[in-house]
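Protein chains in written order, with the working numbering: chain E, 785 to 899; chain U, 483 to 594.
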Amino acid sequence: AQSVTQLDSHVSVSEGTPVLLRCNYSSSYSPSLFWYVQHPNKGLQLLLKYTSAATLVKGINGFEAEFKKSETSFHLTKPSAHMSDAAEYFCVVSDPPNTGNQFYFGTGTSLTVIP
Amino acid sequence: EAGVTQFPSHSVIEKGQTVTLRCDPISGHDNLYWYRRVMGKEIKFLLHFVKESKQDESGMPNNRFLAERTGGTYSTLKVQPAELEDSGVYFCASSHSRTEAFFGQGTRLTVV
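In structure tokens form, the structure reads like this:
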């Protein structure tokens, strides 16, 4: 069975400091993994995706994530937080890989950026 | 290119009433998904269409929920009769290659 665990429900960082949002997954397959972001009153926007190519994935707005199979992790990072990064972030695993029948979501991490 | 569009953005109905949510996917996307987030919990899968056919409806909570996708274009999700526990945000998504899903802004349903 596939599942996703986002280890922090809330993260607060100061503007200009690094962001780390943690995600661990379990999957019976080699998974496809995604990070989505939801700003208030907006839809879910794809930040980045891993589909068995390079393990370090670069996304939009300076975000990146590294797939670590040995740790079953796909943590999202950004070197320097911006006020506009304040939003809710979802880690997602797709099962089976590249078929997209179902996307399993984590519970979300709410990111607050302090001026 | 227009994104996934959902109507209405908000709906408040009384328990026992009927509500119909609509999703217009991105043109040309054969795959259409419905998801639901209840009370700040995780976003959960409801069902998946490939064109007009239901590929997987294992996530539909009960027979008060009916989804259709006539002609393989837009989809509707009807809740009849609505119960308090149906309150939440209903997301629709579409995809072409099945490696990435594009989501709408969601419909916030409140049952009172």
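No residue lacks a Cβ here, since even glycine has one placed at the ideal position from N, Cα and C.
A quick note: this is a predicted structure, and the numbers were derived from the prediction, not measured.
So which residues on chain U does residue i lean against when the C-beta distance must stay under 9 Å?
| i | result |
| --- | --- |
| E:Thr886 | A small correction: the amino acid at residue 886 of chain E is Gln; Thr does not occupy that position in the sequence shown. Those within 9 Å of E:Gln886 in chain U are Tyr515, Phe527, His530, Asp538, Ser540 and Gly541. |
Exposed or buried, what is residue i when buried is set at 16 or more other beta-carbons lying within 10 Å of its beta-carbon?
| i | result |
| --- | --- |
| E:Thr893 | buried |
| E:Tyr813 | exposed |
| U:Ser557 | buried |
| E:Gly800 | exposed |
| E:Lys862 | buried |
| U:Ser579 | exposed |
| U:Gln562 | exposed |
| U:Val597 | What is shown of chain U runs 483 to 594, which leaves residue 597 of chain U out entirely. |
| E:His866 | exposed |
| E:Ala837 | exposed |
For residue i, collect the residues of the same chain with a Cβ closer than 6 Å to its Cβ; drop the 5 residues on either side in sequence, then sort them by chain order.
| i | result |
| --- | --- |
| E:Val788 | Tyr809, Cys875, Val877, Tyr888 and Gly890 |
| E:Val821 | Gln829, Leu831, Ala871 and Tyr873 |
| U:Thr502 | Thr558 and Lys560 |
| E:Thr856 | Asn808 and Tyr809 |
| E:Tyr834 | Leu817, Val841 and Phe851 |
Which residues bound the beta strand (DSSP E) around residue i?
| i | result |
| --- | --- |
| U:Leu528 | Ile525 to Val532 |
| U:Ala575 | Gly570 to Ser577 |
| U:Gln488 | Thr487 to Phe489 |
| E:His794 | His794 to Ser798 |
| E:Lys853 | Run containing E:Lys853: none; DSSP gives neither H nor E here. |
| U:Arg590 | Thr589 to Val593 |
| E:Ala871 | Ala871 to Asp879 |
| U:Ala549 | Phe547 to Glu550 |
| U:Ile508 | It is not in any beta strand (DSSP E) - U:Ile508 carries neither H nor E in the DSSP assignment. |
Find the residues of chain U that neighbour residue i, judging by a C-beta separation of less than 7 Å, and give them in chain order.
| i | result |
| --- | --- |
| E:Thr891 | Lys523 and Glu524 |
Based on DSSP bridge pairs, tell me the residues matched to residue i.
| i | result |
| --- | --- |
| E:Ser812 | In the DSSP output, where bridge partners are listed per residue, E:Ser812 has none listed. |
| E:Phe847 | DSSP, once it has assigned bridges, lists no residue as partnering E:Phe847. |
| E:Leu830 | E:Tyr820 |
| E:Ile898 | E:Ser798 |
| E:Lys862 | E:Val803 |
| U:Leu514 | U:Phe531 and U:Ser576 |
| U:Thr502 | U:Lys560 |
Which residues of chain E have a Cβ atom closer than 8 Å to the Cβ of residue i, listed in chain order?
| i | result |
| --- | --- |
| U:Glu534 | None at all; the shortest Cβ gap to chain E is about 17 Å. |
| U:Gln587 | Asn825, Lys826 and Gly827 |
| U:Phe489 | By Cβ distance, chain E contributes nothing, its closest Cβ being about 13 Å from U:Phe489, past 8 Å. |
Find the residues of chain E that neighbour residue i, judging by a C-beta separation of less than 9 Å, and give them in chain order.
| i | result |
| --- | --- |
| U:Val486 | Gly827 |
Residue i versus chain U: which residues are under 8 Å apart at the beta carbon?
| i | result |
| --- | --- |
| E:Ser805 | Before going on, a small fix: residue 805 of chain E reads as Leu here, not Ser. Under the 8 Å cutoff, chain U gives no residues; its nearest Cβ is about 15 Å from E:Leu805. |
| E:Lys852 | Here the premise fails: no neighbours, minimum Cβ distance about 21 Å. |
| E:Phe874 | Ile525 |
Going by beta carbon distance, what residues of the same chain come within less than 8 Å of residue i, once the five residues before and after it are set aside?
| i | result |
| --- | --- |
| U:Thr592 | His492, Ser493, Val494, Ile495 and Ser569 |
Spatial neighbours of residue i within its chain, please: CB distance less than 7 Å, with the 5 preceding and 5 following residues excluded, ordered by chain position.
| i | result |
| --- | --- |
| U:Gly552 | A small correction: the amino acid at residue 552 of chain U is Thr; Gly does not occupy that position in the sequence shown. These residues qualify, in order along the chain: Glu534. |
| U:Tyr572 | Leu503, Trp516, Arg518, Leu559, Gly588, Thr589 and Leu591 |
| E:Glu850 | Thr839, Leu840 and His859 |
| E:Leu804 | His859 and Thr861 |
For a contact defined as C-beta to C-beta under 7 Å, what are the partners of residue i on chain E?
| i | result |
| --- | --- |
| U:Phe573 | Leu828 |
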